[in-house]
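Chemist:
Chains as they are written, first to last, in the working numbering: chain E, 64 to 453; chain U, 64 to 453.
Shown next, in the form of structure tokens:
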């Protein structure tokens, strides 16, 4: 099991390169203009917090939301899709414990009711509130608990409620994924969850980002940061019905969001999602170069990252480059790329002691390159998933 | 662990429907015109047989061979590819223990030398001999052992050598996969191996089929039977560098191969490969109907069959249809198929006691249908693959 370091998880990954001069704040702290909180409403049997709310008090914050492309998407995704290209999102209400997926018309009604209740509790329009849900699929919502919880939750909202909010969105996560950073007079905070059903496209998780910095084109900025972070990870090759990433800017600092800050935050949280992947003990990074084009490079990298043989080699610290060759050849089935040997594949770090292992494959077909981060496949993954019941 | 029944594995699967009146013979027996055998030459450290040879004494048997589409195919595949659309294949020489993959020019020279030695030992032309190899990737061949073994092997060939041959091609298999059947005056026998790196396209294994029946269009017959058997299975979604299926007919009976016999034999052996998949304890069959077309149905079925969440649900006897909904939605990402609930998904047999579990998913997009057989994902899979070293 990998966990965050004692002094906070940020800057833990060797692959994150934040802007110079970044200061790490208490992750409970939100940028100016935001309040958040979490409560236990009753969805989780163990008494853990399971309902979170995050609110931007700026009337119409700049915002952008990205949602799963899963064709059988859950009710909250369908509710939010209607808002994709429309006005500003000022708040997000989230439950953990029930994904409200494959719940039919009642599920849609429940997601809408949850959104309406949150909007009323904070004095906003329903259309300005995003709703996200995560947990078991196919179980009717316990709306009495949810609606009861929202009232108390609105009263708990605090400018230092980010940790509480992070904890309220966890499912099989072992630790809350969050950070608050400050650079060039601008603060950014983010909270993420995700441990299973994690595969890019984009990655199967929830992430909420707040900043008081000015964001010029929020959608482009978020898309770019997500492409380089949550779109680059895989735990189990599965795509959730509920993925949601929400960026909100209050603009309260009056200063522009420093370049690279959003990217660093999202990459760190994405890597924490992989590191906290169900049963994970190690994180690999496979970089494919020399592919015919970027698309081909990505296809090959994903095939390697999702190969159970490569993932068990990462667990077993086995520098088994033959499994990487096999996966690459399978990704390009029907073509002929010749044999791939140790001159083309760097796999030594599979055998290393470090948690993070960097691997590479060099093809000789063009200039295309891509990389993917992935977790190992362990006994604990099977324990979690063979015993976890709908 | 699943194993063959005491009275032989044939007819064990509920999904195999052989022609009426089929008689099961001792699996050691080959059809008229064939001889086979196996020896320990030294590739396997445990002293197990690791070199097999099968010969058709009819001068120019009808034959057809199918090979992996993996783009980084191994030396023996490259040697055999040259023969795909050419004359008759009278013999196959096979080693287990070394895949001779990613072994470069020396590997090609070794595969050619192995073929040449076998041809000389049986008095055939090198071009008439198929060579197949299975085992670790990226390790140079121990050709002294192989060449030494071939001499003794040629002397051991026997009309009742099929079991010996089956055993000589095993790697992580727990039992040899073989059968000899007789129907309408025609005998057919087949031997297969495969337990890991098993994914259709086609499935990652070796299979050798012999018959004394007359086969009109051997390539079409083999392609059709493989499409319905080895192309329909997955253990771990991996595509081997070494897959080979060889059909040979001596024609010695003078009678046509009964309809359905080849299909039944290959489906049974394919199901045995799944049942003996690394760590497997159960076999699932997912049937997708109502897809836009056959291609889409297959895409969805494969995504479900390769989902580690579905595979662990099969292990955990968890009738978790939500995981099937998730996988189907992921396969069709970017489209909208609505939510998929219990009215569309039959998953009860996941919870059953039986080894074989039949699952189905009904879409409402068209008439496309496809099915895939798959194994569960278990602790033993991880033990095998985290400890198995190149």
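Ideal placement from N, C-alpha and C gives every residue a C-beta, glycine not left out.
1) Under the DSSP definition of a beta bridge, which residues are partnered with residue 158(E)?
2) With 7 Å as the threshold, decide whether the Cβ of residue 406(E) is near any Cβ in chain U.
3) Taking all protein chains shown into account, do 16 or more other C-beta atoms lie within 10 angstroms of the C-beta of residue 267(U), making it buried, or fewer, making it exposed?
4) Which residue spans inside the segment 336-400 of chain E form an unbroken beta strand (DSSP E) run of at least 3?
5) Could you give the distance in angstroms between the alpha-carbon of residue 427(E) and the alpha-carbon of residue 353(E)?
6) Rounded to the nearest angstrom, how far is the Cβ of residue 197(E) from that of residue 234(E), given a contact under 8 Å?
7) Between residue 368(E) and residue 435(E), is the Cβ-Cβ spacing less than 7 Å?
8) List, in order along the chain, the chain U residues whose C-beta lies closer than 8 Å to that of residue 403(E)?
9) Who are the Cβ neighbours of residue 92(E) in its own chain at under 6 Å, not counting the five residues just before and after it?
10) Among all the DSSP beta bridges, which residues are the ones paired with residue 100(E)?
11) Is residue 246(U) near residue 324(U), with beta carbons less than 7 Å apart?
12) Measuring CA to CA, which of 90(E), 150(E), 199(E), 181(E) is closest to residue 107(E)?
13) Could you pull out every residue in the same chain whose Cβ sits closer than 7 Å to the Cβ of residue 178(E), ignoring the five residues on either side in sequence?
14) Chain E beta carbons: is any one of them nearer than 7 Å to that of residue 169(U)?
15) Exposed or buried, residue 59(E), counting other C-beta atoms within 10 Å across all chains shown (16 or more means buried)?
16) For the candidate residues 400(E), 372(E), 333(E), whose alpha-carbon lies nearest to that of residue 429(E)?
17) Taking 8 Å as the threshold, find out whether the segment 271-280 of chain U comes into contact with the segment 346-366 of chain U through three or more Cβ pairs.
18) For chain E, find out if any of its Cβ atoms is closer than 7 Å to the Cβ of residue 395(U); answer yes or no.
19) For the candidate residues 171(E), 312(E), 104(E), 425(E), whose alpha-carbon lies nearest to that of residue 126(E)?
20) Take residue 404(U) as the anchor and find which of 390(U), 365(U), 419(U), 384(U) has the nearest alpha-carbon.
21) Would you please verify whether the beta carbon of residue 264(E) is less than 7 Å from any beta carbon of chain U?
22) Would you identify the three-state DSSP class for residue 237(E), choosing helix, strand or coil?
23) Is residue 337(E) closer than 7 Å to residue 308(E) when the C-beta atoms are compared?
24) What residues match up with residue 436(U) in a beta bridge as DSSP calls it?
25) DSSP three-state label for residue 323(E), please.
26) Applying a beta-carbon distance threshold of less than 8 Å, which residues of chain U neighbour residue 201(E)?
27) Which residues mark the beginning and the end of the beta strand (DSSP E) in which residue 270(E) is found?
28) Within the same chain, show all residues whose beta-carbon is closer than 6 Å to that of residue 160(E), passing over the 5 residues directly before and after it, in chain order.
29) Between residue 410(E) and residue 273(U), what straight-line distance do the alpha-carbon atoms span, to the nearest angstrom?
30) Can you find a CB in chain U that lies within less than 7 Å of the CB of residue 378(E)?
31) Measuring only between beta-carbons, confirm whether residue 287(U) sits less than 7 Å from chain E.
32) Take residue 215(E) and list the residues in its own chain whose beta-carbon comes closer than 7 Å to its own, dropping the five residues that flank it on each side.
33) If we define contact as Cβ-Cβ less than 7 Å, is residue 125(E) a contact residue for chain U?
34) Taking DSSP as the reference, what is the three-state secondary structure of residue 242(E)?
35) For residue 202(U), which of helix, strand or coil comes out of DSSP?
36) Using three-state DSSP, classify residue 247(U) as helix, strand or coil.
Modeler: Short version:
1) Residue 158(E) is bridged to 114(E), 196(E).
2) Not an interface residue.
3) Residue confidence is low: residue 267(U) scores 47 on pLDDT, short of 50, so the model does not pin down where it sits. Its coordinate-derived value is still stated next. With 16 or more other Cβ atoms within 10 Å, it is buried.
4) The qualifying runs are 346-354.
5) Cα to Cα, residue 427(E) sits roughly 5 Å from residue 353(E).
6) That pair is a contact at about 6 Å.
7) Closer than 7 Å, so yes.
8) The contacting residues are 135, 165.
9) These residues qualify, in order along the chain: 223, 243.
10) According to DSSP, residue 100(E) bridges with 116(E).
11) Yes, they are a contact pair.
12) Among 90(E), 150(E), 199(E), 181(E), the Cα nearest to that of residue 107(E) belongs to 199(E).
13) Hits under 7 Å: 142, 156, 189, 192, 194.
14) Closer than 7 Å to the CB of residue 169(U) there is not a single CB belonging to chain E.
15) Here chain E comprises residues numbered 64 to 453, so residue 59(E) is not present and cannot be evaluated.
16) When the alpha-carbon of residue 429(E) is set against those of 400(E), 372(E), 333(E), the nearest one is in 400(E).
17) Between the segment 271-280 of chain U and the segment 346-366 of chain U, the count of Cβ pairs shorter than 8 Å is below three; the stretches do not touch.
18) For residue 395(U), the answer is yes, since a Cβ of chain E falls inside 7 Å of its Cβ.
19) Among 171(E), 312(E), 104(E), 425(E), the Cα nearest to that of residue 126(E) is on 312(E).
20) Answer by Cα proximity: 384(U).
21) Here the model assigns residue 264(E) a pLDDT of 35, short of 50, so the residue's position is not dependable, and the following value carries that caveat. Answer yes: the Cβ-Cβ gap between residue 264(E) and chain U drops below 7 Å somewhere.
22) Shown here, residue 237(E) sits in coil according to DSSP, grouped into three states, outside any helix or strand.
23) If you check the CB distance, residue 308(E) and residue 337(E) do not come in under 7 Å.
24) Paired residue(s): 296(U), 348(U).
25) Reduced to three states, the DSSP call for residue 323(E) is coil.
26) Within 8 Å Cβ-Cβ: 384, 385, 388, 404, 405.
27) Counting along the chain, the beta strand (DSSP E) containing residue 270(E) begins and ends at 269-274.
28) Excluding sequence neighbours, residue 160(E) sits near 106, 107, 113, 198.
29) Cα to Cα, residue 410(E) sits roughly 41 Å from residue 273(U).
30) For residue 378(E), the answer is yes, since a Cβ of chain U falls inside 7 Å of its Cβ.
31) With 7 Å as the cut-off, residue 287(U) does not count as an interface residue toward chain E.
32) Within the same chain, residue 215(E) has close Cβ partners 102.
33) No, because no Cβ of chain U sits closer than 7 Å to the Cβ of residue 125(E).
34) If DSSP states are grouped into helix, strand and coil, residue 242(E) belongs with the strands.
35) Coil, per DSSP.
36) If DSSP states are grouped into helix, strand and coil, residue 247(U) belongs with coil.
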